[in-house]
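Asker:
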Amino acid sequence: MPSISSVSLARMEILKYFYLSNNLLTTLPDSLYLIKDMKKLDIQNNNFDAKEKAWIEGIFRVTNTTVGV
Numbered sequence: 009m010p011s012i013s014s015v016s017l018a019r020m021e022i023l024k025y026f027y028l029s030n031n032l033l034t035t036l037p038d039s040l041y042l043i044k045d046m047k048k049l050d051i052q053n054n055n056f057d058a059k060e061k062a063w064i065e066g067i068f069r070v071t072n073t074t075v076g077v
């Protein structure tokens, strides 16, 4: 199962646009939610279930990040 390293993401404090489409992901690491100034997160065409998609959209709605699911 593909994954993203939390350690790598923790170093990306100024990440604005993150495109993760077409990667067979089922979850996102918690450290991704700590990036405060992200403007867009594209997670289309992965393997997130409906509950996970709703969770991701809800978390990023608070920070006004556009999420493509």
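Residue numbers (our numbering): 9 to 77.
Glycine included, C-beta positions come from ideal geometry on N, C-alpha and C.
#1: Using only the alpha-carbon positions, how far apart do residue 14 and residue 35 sit?
#2: Pick helix, strand or coil for residue 57, following the three-state DSSP scheme.
#3: Where does residue 40 sit, in a helix, a strand or coil, going by DSSP?
#4: Taking the alpha-carbon of residue 3 as reference, which of 46, 64, 41 has the nearest alpha-carbon?
#5: Under 7 Å Cβ to Cβ from residue 67, same chain only, skipping five residues before and after it: list those, please.
Answerer: With the given structure in hand:
#1: Counting from 1 along the sequence shown, the entry for residue 14 is found at position 6. Counting from 1 along the sequence shown, the entry for residue 35 is found at position 27. Spanning the two alpha carbons is a distance of roughly 12 Å.
#2: One-based indexing of the sequence shown puts residue 57 at position 49. Coil at residue 57, not helix or strand.
#3: The residue you call residue 40 lines up with position 32 of the sequence shown. In the structure shown, residue 40 sits in a helix (DSSP, three-state: H, G or I).
#4: Nothing in the structure corresponds to residue 3, since the chain is present only between 9 and 77.
#5: Along the sequence shown, one-based indexing puts residue 67 at 59. Within the same chain, residue 67 has close Cβ partners 41.
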